[in-house]
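Asker:
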Amino acid sequence: MEKTINLTVNGETRSIAVDVNQTLLEVLREDLGLTGTKKGCNQGECGACTVLMDGKPVSSCLVLAVKADGKTVMTIEGVAKDGSLHPIQETFNQKGAIQCGFCTPGMILTTKNLLDKNPNPSLGEIKEAISGNICRCTGYVQIIEAITSLAKEKNARGGV
Amino acid sequence: MRLPEFIYHEPENLQEATNLISEFNGRYGIIAGGTDLMVKMKQRLQNSQYLISLDRIPALKTIKEKADNIIIGSMNTLDDIVNSEIIKEKLPCLKQAAWEVGSPLLRSVATIGGNICLNTRCRFYNQSYFWRSSRETCCKAGGHVCHVTNQEDACYSTFVADTVPALIAYDASIKLVGVDKTRKLSLADFYTGDGRMPNQILKGSNEILTEIEIPIPKDDIRSVYHKFRVRESIDFPLVGVAVMMKGIEEKHCQDARVVFTGVGSAPVEAKLAREKIIGQQLTPDLILEVATMAVSELHPVKTDLMSPNYKRGIAQVLVEKALRDVGGVNNGKDD
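Chains as they are written, first to last, in the numbering used here: chain A, 1 to 160; chain B, 1001 to 1335.
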């Protein structure tokens, strides 16, 4: 069974015919070619497929594509602007918060959501925010360092 | 693994939704947030010909005070519950329990109605089709044998919802709407205790859970939810307990509830412990006695990786800690 859905992906309005049994992850990767969103466990445990749906981080492998009808979706491809990396991406690079990179798209989007909501998170709030995004390489230390330094920079800039 | 094929419906009001479930009798699944259902469908544990989404029914998304009650629509996400000012102020134990579910990624989609209707789990059942195909189909998946106990036609799969002990401690009731009737029942009565069909909706009552009604607790009620799991960030509870006490400021407890999740096929209320505590003054000795009594009422089965004895030990620790927290009793040690 097919259904046409209208959604905004990375600022662009799209109208796509999807099978009702496709997940948002499958539509993003296979129909829209946005392969920055990773398929990890495919059962909502690892967070590699995290996207922001109406501003909230969700596991796109557990969301039916038809449920994204009328929603705004941001994937990792929508984070960088005009060819230059977002400050979160720059900082993850500088702090060595990336190793194999498989968790990074989800980690960056979760971080973006956290810092948009709360520019000055405590260590506990950072750990809680990224608790659904599993990283098997870094041991989280550099990731947490990157997020902490972003928060400091953001505060120094007056929350911008 | 991809999802199986199904026909998808998005009714825009309750009448339309109940008409659909009555028309598709036995061949449909209801999808709320879908965080549990999607996994079960990928694992081929549920193959519904029709899927009915409750997303487009605005009436199910309210949180409001009505007379002396708080009414919560079943389609509120767990994030909505955690962030609701009314719930933060009046039902802190529910807020805590909702916050303990899964990870933030799941809570932004998963609903409170879905958590209440959550199916029971077992290490032999919640596995991929390939994994399960290596042995005889278990009782819960439609066969006749229980791989945990080696009994025939018995299922001990475990109830693991976090919000339910908190809701039962608050004396919540729920509204179930069918095609031609609406009924209200106490949340504790919603559960059957049968691992195969753990609640009335899963048993096939052809109803939709629309709202949860909770009497606003009086000022002298204190409550807390504690949960133990393997991975702090995501797992279902191995044991969870909600403890509520009334009138503790007046030295003698007037009422109490101790409700567990993760230790049986339904939420378990420790009734002997409740009787023991009413009218008493909370002391370290009484706390120990009540916790021991509460644990004696539990009969966990090894449906996950922890042994029943280990679970009882954890339950003892959680109840003691919860009683100390609500009663403001210090045991002289750091937890």
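By construction, the Cβ of each residue, glycine as well, lies at the ideal position given by its N, Cα and C atoms.
Skipping 5 residues on each side, what residues in its chain have a beta carbon closer than 7 angstroms to that of A:Asn10?
Answerer: Taking the first sequence and counting its residues from 1, the one referred to as residue 10 of chain A is at position 10. For A:Asn10, where only same-chain residues beyond five positions count, the Cβ hits under 7 angstroms are Met74, Thr75, Glu77, Gly78.
Asker: Just reading off the alpha helix (DSSP H) that A:Asn93 is part of, what are its end residues?
Answerer: Counting from 1 along the first sequence, the entry for residue 93 of chain A is found at position 93. Taken as a continuous stretch (DSSP letters only), the alpha helix (DSSP H) holding A:Asn93 covers 87-94.
Asker: Would you report the Cα separation of B:Ala1242 and B:Val1101, rounded to the nearest angstrom?
Answerer: Translated into the one-based positions of the second sequence, residue 1242 of chain B becomes position 242. Translated into the one-based positions of the second sequence, residue 1101 of chain B becomes position 101. Between B:Ala1242 and B:Val1101, the C-alpha separation is close to 14 angstroms.
Asker: Suppose you measure from the CA of B:His1252 to the CA of A:Ala156; what does that come to, to the nearest Å?
Answerer: Here residue 1252 of chain B corresponds to residue number 252 of the second sequence, with the count starting at 1. Here residue 156 of chain A corresponds to residue number 156 of the first sequence, with the count starting at 1. Those two C-alpha atoms are separated by around 53 angstroms.
Asker: Counting only Cβ pairs nearer than 9 angstroms, list the residues of chain A close to B:Ser1205.
Answerer: Locating residue 1205 of chain B in the second sequence gives position 205, where the first residue counts as 1. Correct list: empty, because the minimum Cβ distance to chain A is about 25 angstroms.
Asker: Apply the 10 Å Cβ neighbour rule to A:Cys100 and answer buried if 16 or more other Cβ atoms are within range, or exposed otherwise.
Answerer: Residue 100 of chain A sits at position 100 when you count from the first residue of the first sequence. The residue in question, A:Cys100, is exposed, as its Cβ has fewer than 16 Cβ neighbours within 10 Å.
Asker: Terminal residues of the continuous alpha helix (DSSP H) containing B:Tyr1008?
Answerer: Residue 1008 of chain B sits at position 8 when you count from the first residue of the second sequence. Here B:Tyr1008 belongs to no alpha helix (DSSP H); instead the beta strand (DSSP E) covers 1007-1009.
Asker: Is A:Ala129 close to chain B? Criterion is C-beta to C-beta, closer than 8 angstroms.
Answerer: Translated into the one-based positions of the first sequence, residue 129 of chain A becomes position 129. By this cut-off, A:Ala129 is an interface position.
Asker: Using the Cα positions of A:Ile98 and A:Glu90, report the straight-line distance between them to the nearest angstrom.
Answerer: The residue given as residue 98 of chain A occupies position 98 in the first sequence. The residue given as residue 90 of chain A occupies position 90 in the first sequence. Distance between the alpha carbons of A:Ile98 and A:Glu90: 11 angstroms.
Asker: On a CA-only basis, which of A:Ser122, A:Phe102, A:Thr110, A:Leu150 is nearest A:Cys137? Give me that one, please.
Answerer: Mapped onto the first sequence, residue 137 of chain A falls at position 137. It is A:Phe102.
Asker: Looking at B:Thr1292 and B:Gln1316, is the spacing between their C-beta atoms short of 8 angstroms?
Answerer: In the second sequence, counting from the first residue as 1, residue 1316 of chain B sits at position 316. In the second sequence, counting from the first residue as 1, residue 1292 of chain B sits at position 292. Contact flag set, yes.
Asker: Name, please, each residue of chain B whose Cβ falls closer than 8 angstroms to the Cβ of A:Ser59.
Answerer: For the purposes of this step, residue 59 of chain A is taken as the residue at position 59 of the first sequence. Near A:Ser59 (Cβ distances below 8 angstroms), the residues of chain B are Thr1035, Leu1105, Leu1106, Val1109.
Asker: Under 7 angstroms between beta-carbons, which chain A residues line up against B:Ser1233? List them in chain order, please.
Answerer: Counted from its first residue, the second sequence places residue 1233 of chain B at position 233. Under the 7 angstroms cutoff, chain A gives Ser131, Gly132.
Asker: Spell out whether any CB of chain B is found under 8 angstroms from the CB atom of A:Gly44.
Answerer: Working through the first sequence from its first residue, we reach residue 44 of chain A at position 44. So, interface residue.
Asker: Output yes if chain B places a C-beta closer than 8 angstroms to the C-beta of A:Thr50; else output no.
Answerer: Here the question's residue 50 of chain A lines up with position 50 in the first sequence. It does; some Cβ of chain B falls within 8 angstroms.
Asker: Whole angstroms is fine: what's the gap from B:Pro1058's alpha carbon to B:Val1164's?
Answerer: Position 58 of the second sequence holds residue 1058 of chain B. Position 164 of the second sequence holds residue 1164 of chain B. Distance between the alpha carbons of B:Pro1058 and B:Val1164: 23 angstroms.
Asker: Quick one: what's got a C-beta closer than 6 angstroms to A:Gly132's C-beta in the same chain, skipping five residues either side?
Answerer: Taking the first residue of the first sequence as position 1, residue 132 of chain A is located at position 132. Contacts found: Gly47.
Asker: Suppose only complete runs of 4+ residues qualify. What are the alpha helix (DSSP H) ranges in the region 1022-1052 of chain B, listed by chain order?
Answerer: Counting only runs of 4 or more, we get 1037-1042.
Asker: Between the region 69-103 of chain A and chain B, which residues of the former have CB atoms less than 9 angstroms from a CB of the latter, in chain order?
Answerer: Under the 9 angstroms Cβ criterion, the region 69-103 of chain A contributes Asp69.
Asker: Assuming B:Glu1211 and B:Ile1071 make a contact with CB atoms under 8 angstroms, what is their CB distance in whole Å?
Answerer: Translated into positions along the second sequence, residue 1211 of chain B becomes position 211. Translated into positions along the second sequence, residue 1071 of chain B becomes position 71. Confirmed, about 5 angstroms.
Asker: Alpha carbon to alpha carbon, how far is B:Tyr1310 from B:Val1224?
Answerer: Along the second sequence, one-based indexing puts residue 1310 of chain B at 310. Along the second sequence, one-based indexing puts residue 1224 of chain B at 224. If you take the alpha carbons of B:Tyr1310 and B:Val1224, they lie about 22 angstroms apart.
Asker: Taking all protein chains shown into account, decide if B:Asp1334 is buried (16 or more other Cβ within 10 angstroms of its Cβ) or exposed.
Answerer: For the purposes of this step, residue 1334 of chain B is identified with residue 334 of the second sequence, where counting begins at 1. Residue confidence is low: B:Asp1334 scores 48 on pLDDT, short of 50, so the model does not pin down where it sits. No coordinate-derived value is stated.
Asker: Can you list, in chain order, the residues of its chain with a C-beta nearer than 6 angstroms to that of B:Asp1235? Leave out the 5 residues immediately preceding and following it.
Answerer: Stepping through the second sequence from its first residue, residue 1235 of chain B is reached at position 235. Counting only Cβ-Cβ distances below 6 angstroms, and skipping sequence neighbours, we find Arg1229.
Asker: Alpha carbon to alpha carbon, how far is A:Glu125 from B:Leu1323? Give it in angstroms, no decimals.
Answerer: The residue given as residue 1323 of chain B occupies position 323 in the second sequence. The residue given as residue 125 of chain A occupies position 125 in the first sequence. Going by the C-alpha atoms only, they are around 27 angstroms apart.
Asker: Which two residues bound the contiguous alpha helix (DSSP H) that contains A:Met107?
Answerer: To locate residue 107 of chain A, count along the first sequence from 1; it is residue 107. Counting along the chain, the alpha helix (DSSP H) containing A:Met107 begins and ends at 104-117.
Asker: What in chain B is Cβ-close to A:Asn21, meaning under 9 angstroms?
Answerer: Here residue 21 of chain A is taken as the residue at index 21 of the first sequence, counted from 1. Under the 9 angstroms cutoff, chain B gives Arg1002, Leu1003, Pro1004, Glu1005, Phe1006, Tyr1008, Met1041, Leu1051.
Asker: To the nearest angstrom, how far is the alpha carbon of A:Gly96 from that of A:Asn113?
Answerer: In the first sequence, counting from the first residue as 1, residue 96 of chain A sits at position 96. In the first sequence, counting from the first residue as 1, residue 113 of chain A sits at position 113. Near 21 angstroms, if we compare the C-alpha coordinates of A:Asn113 and A:Gly96.
Asker: Taking one C-beta from the region 1137-1146 of chain B and one from the region 1059-1069 of chain B each time, how about it: are there three or more such pairs within less than 8 angstroms?
Answerer: Judged by Cβ distances under 8 angstroms, the region 1137-1146 of chain B makes no contact with the region 1059-1069 of chain B, as fewer than three pairs qualify.
Asker: Quick one: complete beta strand (DSSP E) runs, 3+ long, within the region 1068-1137 of chain B?
Answerer: Complete beta strand (DSSP E) runs here, min 3: 1069-1073.
Asker: Within 8 angstroms, do at least three Cβ pairs link the region 1294-1304 of chain B to the region 1151-1166 of chain B?
Answerer: These segments touch.
Asker: Strictly below 9 angstroms CB to CB, what residues from chain B border A:Lys38?
Answerer: Here residue 38 of chain A is taken as the residue at index 38 of the first sequence, counted from 1. In chain order: nothing, as chain B lies at least about 14 angstroms away.
Asker: Assuming B:Lys1276 and B:Glu1289 form a contact by the criterion Cβ under 8 angstroms, report the distance between their Cβ atoms to the nearest whole angstrom.
Answerer: Here residue 1276 of chain B corresponds to residue number 276 of the second sequence, with the count starting at 1. Here residue 1289 of chain B corresponds to residue number 289 of the second sequence, with the count starting at 1. At roughly 7 angstroms, the Cβ-Cβ gap stays under 8 angstroms, so B:Lys1276 and B:Glu1289 are in contact.
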